[in-house]
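Okay, structure first, notes after.
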């Protein structure tokens, strides 16, 4: 049953919620055994306390870097493996206010550092479309669960450099990354504060838009939260693209992109053209330095964010020995608590902002970012949306991932880093299949123009069948 | 010799710099004025306190700084047990104000101390070293009540040439900040100073985190001696960071140049830039309270005080000058008020290491005291004793006198005593009558002894003369 | 080589990350690789370009100076505590 239908039935009293929730928990456990999308399954749901709001009775999963009061939140890391937040994030408070049922915390690359959800001390989630392949990252769990579950559900997820679009693309689901500042980050365990955005993953554009509407809006607890009123994004689910202008950045169809993927996306652009849109090639000229810019800024910020994890006040800790100095104690905890990628990024981020290097790396990247943002602003003066593939590759096998160097992994962010740097909203929709594997299509809009991308995405979805393709459960 | 200061001033806002916790944390349960923000819990984000911004702008004005039109916050990253986030939110690249100055009086001459910059930042938590001092403790107790308190950091150029100048500067700065209403000097730890000192072009040594101007002067004096002695023995002064051990009176090494942190500054991405426009600046300027230099001039004009008197009263502090003006409202001899406040009251307070707010002395009682002194019935010596007493208790000076049996006599009572003395000293009276002037001094002395010096010698002389004449 | 093992060790020390010798060797190669790639930023002309602090311009956000007590037990997430203080390692 779809989300909309379910919500209606619950409202009309046609669903035995206790029974439904119990069954959902059972199903979640089964999915967990097969594909490992969860870090924590919530087994203490009290149906009687649910509020009769817009999400009444609806299962919502939450990426594990989003704080849930009283429910373990690890950010995918051993250093927080027992941490139970004493407060709710803004978004989970909103979900609860509207009667959503938080069924569990989904797995992720540690602190958001990763593209394949393989940087984790927990179980690596397996792609339901081929369990030898990655679900994408860092929100691998969100994509995995949304794709694999057969109960109504929407995922609360998060993107810094592409962590919603990548798993959405790899798991044939819809992922919305809203405008930076459109959703409050209060309660989000920061990866890179100027890049983090909370978004949604659902089976359809409607589902993802519905949850986004609930969590959007100004929050005084987040100083970078935009002063905009909440919007009901479901009203932009209009099946019409007539007259809409699409920009196709030539840099997004270059050499590093899989040929099969390129072909699929071009077919889709033609589909949109047939539906009344027009398209034109454009240029986002700083695309070739976007990955570098992204990583320098993200690593600089994350190395400061992760400094607080040192065995004091919360998280992994050990008894303090008499006479033990703080250097010793902190190093001991951080050595044990962080995975390799986190350590690498802390080192690179610390280096990039060190005296003597920060002009060349950190400050330079901050300036190049301005140019990348200007690229997009210029393009959006002409175009309503920009369309491209979401990812340059198909979901890779775990064996293949093991052979990649860190740099090779970073370079796969080529299509998602630029819009994430620019803080523009983007949606990844099921765009087709290549060799039996899902291909996501990226529709990007200008700041606060979610309505345009949702309209194009919805139209495309209504005129194609890719999102309906059934998983063959192995 | 080059000495420069980094002064950290706790601003007296109601709530902390980046969260809504109360700033009234002294003498409360440890960790009772905290929240996820000032404790650096994952997912928490800072929120700027507007009043702290207002105070910062006031300070920039008072110190003649150029206020920059856009203000940004930075993260200063280092790992330490007293930092809730292991970074401090401060202002690195773009501070609140730059290139200010403060003029002080050094050895009778005016000297300009240049202010490099002022900026806003947050205080770290308080550490208590258990089982030893900072270098030998077994472990620490951490109290985050202070974590997140709003601080204004004032950085001077290395313009000081000696420890005395430093003390003079800090005293004046402290007074200005109090007059601005942005800081309360009576709160423990509300002003902490890091001192940088180098002699004869050598390496710079930093002595961190000192409170109390006398202590700072001591520390500086020690450090100068230490550095000079190294140079005399042909050695080189090492660049290092030290702490001042008050008990032993020496500076001790905290860390050396090799152990110096790299703070890896980035802009604080959780906070926005703040634009300080003319309207805001002018509003603050308009509402600035009277500043000390202006008050000094006014006291000279209005009360006829000397340059010295007005400066001492004003720069001792806001409470002191307010006390002075309140007294003048009730007692119309301001110069006398000033004299007693400066020569005796201030000495008393300093001796007891308290300020006027902490003493129990009320304006009412001090004015009563002045009136007593004005009547000339008490010697200056006794007056000093009374002041000492009434600064410690809320006692009425008249009551104090009578308690001690030092009752002030009226004319009739005095005449009775004089008559008695004359009766008991008939020979002296005869001597006086036969022209020996000195004998009257003897008689006056005898009277004073009987009334325990609580009488006006002039008045007594008159009474004796009158009675003898009878 | 842009970066040496010594620098990696120094940076790891600043970040309080104790690295094993094999990790230092592995990280040096990987990080050097990445830093080489970062060099391509040098060719971008950023003269007169201002840095972006957030991707969309947000400014002048602050709050009024009002006290709001937070009801919670700050010590409940740690076992290193004594008499309402957090217990921490020596600060030198």
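Protein chains in written order, with the numbering used here: chain Z, 1 to 474; chain L, 475 to 944; chain E, 945 to 1036. Glycine included, C-beta positions come from ideal geometry on N, C-alpha and C. Nothing here was measured: the structure is a model prediction, and the numbers come from that model.
Check                                                                                                                            : Outcome
Residue range of the unbroken beta strand (DSSP E) whose run includes residue 538/Z                                              : This structure cannot settle anything about residue 538/Z, because the visible part of chain Z is limited to 1 through 474.
Nearest to residue 571/L (by Cα), restricted to the options 553/L, 557/L, 590/L and 555/L                                        : 590/L
is_contact[residue 142/Z, chain L] using C-beta, thresh 8 Å                                                                      : no
Within-8 Å CB hit, residue 999/E to chain L                                                                                      : no
Proximity test, Cβ basis, 8 Å: residue 218/Z and chain E                                                                         : no
Alpha helix (DSSP H) segment containing residue 971/E, residue limits                                                            : 965-982
Chain-ordered chain E contacts of residue 422/Z [CB-CB under 8 Å]                                                                : 999
Bridge partners - residue 248/Z, DSSP secondary structure assignment                                                             : 281/Z
Beta strand (DSSP E) runs contained entirely in the segment 686-743 of chain L, provided each spans 3 or more residues           : 714-719 and 724-730
Touching by the beta-carbon criterion (3+ pairs, under 8 Å), the segment 306-324 of chain Z and the segment 1024-1036 of chain E : yes
Residue range of the alpha helix (DSSP H) that includes residue 637/L                                                            : 637-654
Residues that residue 180/Z contacts on chain E, provided the C-beta gap is smaller than 8 Å                                     : 998, 999 and 1000
Secondary structure of residue 331/Z, DSSP reduced to three states                                                               : helix
CB contact check: residue 474/Z to chain E, cutoff 8 Å                                                                           : With a pLDDT of 45 at residue 474/Z, under the threshold of 50, the modelled position of that residue is not reliable, and no figure is offered here.
Rounded straight-line distance, which links the Cα of residue 506/L to that of residue 460/Z                                     : 56 Å
C-alpha distance - residue 474/Z paired with residue 251/Z, whole-angstrom precision                                             : Only weak support is given to the placement of residue 474/Z: the predicted model assigns it a pLDDT of 45, under 50, and the question is left unresolved by the model.
Segment contact, 8 Å Cβ cut-off, at least three pairs: the segment 602-611 of chain L with the segment 575-593 of chain L        : no
Enclosing alpha helix (DSSP H) for residue 535/L [first to last residue]                                                         : 524-536
Residues bridged to residue 157/Z (per DSSP)                                                                                     : 199/Z
Per-residue contacts from residue 1022/E into chain L (C-beta, under 7 Å)                                                        : Ordered by position in chain L, no residue passes the 7 Å Cβ test against residue 1022/E, which lies about 10 Å from the chain.
Meets three-Cβ-pair contact criterion under 8 Å: the segment 784-801 of chain L and the segment 836-844 of chain L               : yes
Reduced DSSP secondary structure (H/G/I, E/B, other) of residue 478/L                                                            : strand
Buried or exposed (CB count within 10 angstroms, at least 16 for buried), residue 969/E                                          : exposed
Opposing strand residues paired with residue 613/L [DSSP bridges]                                                                : 604/L
For residue 174/Z and residue 263/Z, the rounded distance between their alpha carbons                                            : 20 Å
Residue 848/L in three-state terms, based on DSSP                                                                                : helix
Cβ neighbour criterion (16 or more within 10 Å) applied to residue 292/Z                                                         : buried
C-beta contact flag for residue 635/L and residue 673/L at 8 Å                                                                   : no
Contact under 8 Å by Cβ, residue 284/Z with residue 418/Z                                                                        : yes
N- and C-terminal bounds of the alpha helix (DSSP H) containing residue 913/L                                                    : 912-924
Cα-Cα separation between residue 366/Z and residue 833/L, rounded to whole angstroms                                             : 56 Å
Short CB-CB distance (under 8 Å) between residue 608/L and chain Z                                                               : no
Inter-residue spacing [alpha-carbon to alpha-carbon] between residue 711/L and residue 497/L                                     : 40 Å
For residue 103/Z: DSSP bridge partner residues                                                                                  : Its beta-bridge partners do not exist; DSSP assigns none.
Contact residues within the segment 720-746 of chain L, judged by C-beta distance below 9 Å to chain Z                           : 736, 737, 738, 739, 740, 741, 742, 743, 744, 745 and 746
Contact check, residue 344/Z vs residue 971/E, beta carbons under 8 Å                                                            : yes
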